[in-house]
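Have a look at the structure below before the remarks.
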Amino acid sequence: MIASPKPYQRGVSLPSSNPFQRLAELLEGEAAGQDPIIMTIGEPQHAIPPFTAEVLMENMAGFRRYPPINGSPEFRQAIAAWLDRRYSLGGAIDEEHGVLPLNGSREGLSFGAIAARDQLDKGLDHPAVVLPNPFYQTYAAAAHVADGEAVLLDAVAGNNFLPDLDSLDEDLLERTVAFYVASPTNPEGYVADIAYWQRLIGMARKHRFMIFADECYSEIYRDTPPPGILEAALPLGGGFANIVVLNSLSKRSNLAGLRCGFAAGDPDFLKKWAKFRGLAAPQVPLPAQAVAVRAYQDEAHVIENRRLYNEKFAAAERILSPILGPVTPEAGFFLWLDVSRWGDGVSVTKSLWRDTGLKVLPGSFLASDQSDGSNPGRNYIRISLAAPLDQAVVALTRLANWMGETK
C-alpha cells in the first residue's frame with residue numbers, strides 16, 4: 001500500500017551542488033564494469049529542425065541589434081497562435097503583454113519568484129516559495145534569490161507525483177508568493193489534469209500568489225496531449241490572472257543550445273516583469289526569435305521527435321516490464337524506476353556503474369531530504385532516454401540482466 005504524502009516541510013536544507021556534481025563525486029575513482037553508457041543527462045540528441053540553419057542565415061543581420069526586451073511582434077504572435085491551437089484558447093492570449101521571450105525557460109523560472117515577491121508586496125520578510133520534491137533544481141535557486149523560504153511538498157506515486165494540495169494550510173498559503181509545479185512532472189513524467197489545475201488556480205487567486213507552471217515537456221507525450229494550465233483557467237473566468245506558463249524549444253524542437261523560450265499568461269504581471277527584465281536580464285537575440293517563430297509554426301518535426309521517444313519507451317516496456325511491471329510514464333523522456341528491491345538509488349547507481357558501465361542518476365539527488373530524514377527519491381533511479389534507440393536498448397538490456405542476476 002502506498003503511503004500518503006507527509007505534510008509539507010519548512011526550513012529544509014537544499015542541496016549545495018547540482019545532481020550531476022554529486023554523481024561525479026559518488027562515482028569518483030570507481031571503474032566502469034563495461035564500456036560506459038551515459039543515461040543521465042536530459043539533453044536532446046534527436047535532429048534539430050531542418051529549417052534552423054536557413055532561418056538563422058536569413059536573419060543574421062539581427063545579431064547587430066539590441067532586441068526589444070518584450071520580443072518581436074512576430075515572436076509574440078507566433079507564441080500566442082501556437083498556444084491557441086494547442087490548448088483551444090479562442091484567442092484569449094494578450095499578444096502585446098501576455099507573452100515574453102526568455103533565454104530558455106530556466107531564466108523565467110529563476111527570476112519568477114523575485115517578480116512575484118515584489119509585485120504582490122505581501123510585506124513578508126521571508127515569503128514562502130512552494131515547490132515539489134523531487135524538483136528541478138532551478139526552482140530552489142529561485143527561492144534563494146528571492147530571499148524566500150523554500151517549502152517542499154513531497155511528490156509521490158499515490159498522488160501522481162504531483163504536490164499534494166491537501167497538505168497546505170491557510171497560514172502557509174497566505175505567506176506564499178510563488179508556487180512552482182511541472183506538468184508533465186520532472187523526473188516522473190506524470191500529468192496534472194484540469195481539475196488539479198483549477199483547484200490550484202483557485203488557491204492562487206484566493207491567497208494572492210503566482211503559479212509558475214513549467215510545461216517544458218508538454219510535447220513529449222505518449223498518446224494524449226497533456227492539458228495545460230491556460231486551458232484549465234478559461235472556464236473559471238478571470239482570464240489568466242495569477243498564472244505564468246513557461247515553455248521552450250529545448251525539448252519540443254531539440255534546440256536546447258538556442259536558449260529560446262517564453263513565458264505567457266497574466267498580462268498585468270508580465271507587463272511589469274518585462275520592466276524588471278529590462279534592467280536585469282539579457283534580451284533574446286532576434287535570429288533566435290526568428291527560429292522560434294518558424295518552429296512554433298511547424299508540427300512535423302515535433303511529431304517525428306515524439307515518435308522517436310515513443311519508440312524507445314516501447315523498447316523499455318518490452319525489456320523492463322517483465323521485471324518491474326509497467327515502466328512507461330504519460331510524458332517526458334525519463335524512466336523513474338523504483339529499485340528498492342535491489343537497494344536505495346545511490347547504492348544501485350554505484351553497483352550499476354561498477355558492474356555494467358551504465359551511468360544513471362540516483363533519485364535522491366533530484367530531491368531534498370526532509371527534516372525527518374526522509375527523501376521521496378531515495379528508492380528511485382532516473383534514466384534518460386535521450387540517447388539513440390540502439391544505445392538505449394543496450395543500456396536497458398544491461399539493466400534488465402543486472403536486475404535478473406542480483407534479485
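No gaps in the numbering here: position 254 of the sequence shown is 254 in UniProt numbering, and each next residue is one more.
In this text, a Cβ means the ideal position worked out from N, Cα and C, and glycines have one as well.
Return the first residue and the last residue of the alpha helix (DSSP H) that Y296 is part of.
Your numbering for residue 296 matches position 296 in the sequence shown. Where Y296 is concerned, the enclosing alpha helix (DSSP H) stretches over L286 to Y296.
Inter-residue Cα distance where the pair is D171 and I211:
Walking along the sequence shown from the start, residue 171 turns up at place 171. Walking along the sequence shown from the start, residue 211 turns up at place 211. D171 and I211 have their C-alpha atoms spaced approximately 18 Å apart.
Residue closest to G332, alpha-carbon to alpha-carbon, out of N103, L352, D298 and A386:
Counting from one through the sequence shown, the residue named residue 332 turns up at place 332. In this structure, A386 is the residue among N103, L352, D298 and A386 with its C-alpha nearest to the C-alpha of G332.
Mark S371 as exposed unless 16 or more other C-beta atoms lie within 10 angstroms of its C-beta, in which case mark it buried.
The count along the sequence shown starts at 1 and reaches residue 371 at position 371. Burial state of S371 is exposed, judged by a 10 Å Cβ sphere holding fewer than 16 other Cβ atoms.
The alpha helix (DSSP H) that contains I41, what's its start and end?
For the purposes of this step, residue 41 is identified with residue 41 of the sequence shown, where counting begins at 1. According to the DSSP assignment, I41 belongs to no alpha helix (DSSP H), since it is labelled neither H nor E.
Am I right that G71 and V284 are in contact with their C-beta atoms under 8 Å? What's the rounded C-beta distance?
As a first step, residue 71 must be located in the sequence shown, where it is residue number 71. As a first step, residue 284 must be located in the sequence shown, where it is residue number 284. Contact holds; Cβ gap of about 7 Å.
Taking L320 as part of the beta strand (DSSP E), name the residues at either end of that continuous run.
As a first step, residue 320 is located in the sequence shown; it is residue number 320 there, counting from the start. Where L320 is concerned, there is no enclosing beta strand (DSSP E), although the alpha helix (DSSP H) it sits in stretches over A300 to L324.
Mapping the DSSP letters down to three states, classify I114 as helix, strand or coil.
Looking up residue 114 in the sequence shown gives position 114. If DSSP states are grouped into helix, strand and coil, I114 belongs with the helices.
Contact check, A143 vs A150, beta carbons under 7 Å:
Translated into positions along the sequence shown, residue 143 becomes position 143. Translated into positions along the sequence shown, residue 150 becomes position 150. Going by C-beta atoms, A143 is nearer than 7 Å to A150.
Rounded C-beta distance between I381 and F334? I'm assuming under 8 Å.
The residue you call residue 381 lines up with position 381 of the sequence shown. The residue you call residue 334 lines up with position 334 of the sequence shown. Incorrect: roughly 10 Å between the Cβ atoms, too far for contact.
Report the option in L358, T52 and A400 whose CA atom is closest to the CA atom of Q289.
Translated into positions along the sequence shown, residue 289 becomes position 289. For Q289, the nearest C-alpha among the options comes from T52.
Should L279 be labelled buried (16 or more other beta-carbon atoms within 10 Å of its own) or exposed?
Numbered from its first residue, the sequence shown carries residue 279 at position 279. It counts as exposed.
Can you tell me whether P5 is helix, strand or coil according to DSSP?
Here residue 5 refers to the residue found at position 5 of the sequence shown. Unreliable placement is indicated for P5, whose pLDDT of 41 sits below 50; the coordinate value is still reported in the next sentence. Assigned with DSSP and collapsed to three states, P5 falls in coil, not helix or strand.
Closer than 8 Å is the cut-off here; do at least three beta carbon pairs connect the segment 393 to 400 with the segment 346 to 362?
Result yes; three or more Cβ-Cβ pairs closer than 8 Å.
May I have the straight-line CA-CA distance separating I41 from G148, to the nearest angstrom?
In the sequence shown, counting from the first residue as 1, residue 41 sits at position 41. In the sequence shown, counting from the first residue as 1, residue 148 sits at position 148. Distance between the alpha carbons of I41 and G148: 29 Å.
Taking only the alpha-carbon atoms, compute the straight-line gap between S110 and T138 and give it to the nearest angstrom.
Within the sequence shown, numbered from 1, the residue matching residue 110 stands at position 110. Within the sequence shown, numbered from 1, the residue matching residue 138 stands at position 138. The C-alpha of T138 is placed about 6 Å away from the C-alpha of S110.
Which residue spans inside the segment 64 to 118 form an unbroken alpha helix (DSSP H) run of at least 4?
Within the segment 64 to 118, the complete alpha helix (DSSP H) runs of at least 4 residues are 73 to 87.
Under three-state DSSP, which class holds L168?
Along the sequence shown, read from residue 1 onward, the residue named residue 168 stands at position 168. When secondary structure is reduced to three states using DSSP, L168 falls in the coil class, being assigned neither helix nor strand.
Are P49 and S248 closer than 7 Å when you measure CB to CB?
As a first step, residue 49 is located in the sequence shown; it is residue number 49 there, counting from the start. As a first step, residue 248 is located in the sequence shown; it is residue number 248 there, counting from the start. Not a contact, by the Cβ cut-off of 7 Å.
Reference E74, options A115, R294, D266 and E54, closest by Cα:
Counting from 1 along the sequence shown, the entry for residue 74 is found at position 74. Per the Cα distances, R294.
Quick one: what does DSSP say L335 is sitting in, helix, strand or coil?
By 1-based counting over the sequence shown, the position of residue 335 is 335. Annotated three-state conformation of L335 is strand, per DSSP.
Can you have a look at F269 and say buried or exposed, based on whether 16 or more other CB atoms are within 10 angstroms of its CB?
Residue 269 sits at position 269 when you count from the first residue of the sequence shown. Answer is buried; the Cβ neighbour count reaches 16.
Can you tell me whether S4 is buried or exposed? The criterion is at least 16 other CB atoms within 10 Å of its CB, across all chains shown.
As a working note, residue 4 is residue 4 in the sequence shown. Caution is warranted here: a pLDDT of 38 is assigned to S4, below 50, making its placement in the model unreliable, and the coordinate value is therefore given only provisionally. Flag for S4 reads exposed.
Along the chain, which unbroken stretches of the alpha helix (DSSP H) at least 4 residues long are found entirely within the segment 136 to 218?
DSSP runs (the alpha helix (DSSP H)) wholly in the segment 136 to 218: 137 to 145, 170 to 175 and 194 to 207.
Ignore the nearest five residues each way along the sequence and tell me which others in G343's own chain have a CB closer than 8 Å to its CB.
Within the sequence shown, residue 343 is the residue found at index 343, counting from 1. Take G343, set aside five residues on each side of it, and the residues of its chain with a beta-carbon closer than 8 Å to its own are S351, in chain order.
Cβ contact (3+ pairs, closer than 8 Å) linking the segment 101 to 110 and the segment 228 to 237:
The count of Cβ pairs closer than 8 Å, one atom from the segment 101 to 110 and one from the segment 228 to 237, stays below three, leaving the stretches out of contact.
Helix, strand or coil for V393? Go by DSSP, reduced to three states.
Locating residue 393 in the sequence shown gives position 393, where the first residue counts as 1. The answer is helix: DSSP assigns V393 an H, G or I state.
Evaluate the contact criterion for the segment 167 to 182 versus the segment 123 to 138: three or more CB pairs, one atom per stretch, below 8 Å.
Short answer: they touch.
Compute the Euclidean distance between the alpha carbons of I2 and M403, then round it to the nearest angstrom.
Position 2 of the sequence shown, counted from the first residue, corresponds to residue 2. Position 403 of the sequence shown, counted from the first residue, corresponds to residue 403. With a pLDDT of 35 at I2, under the threshold of 50, the predicted position of this residue should be treated as unreliable, though the coordinate-derived value follows. Going by the C-alpha atoms only, they are around 23 Å apart.
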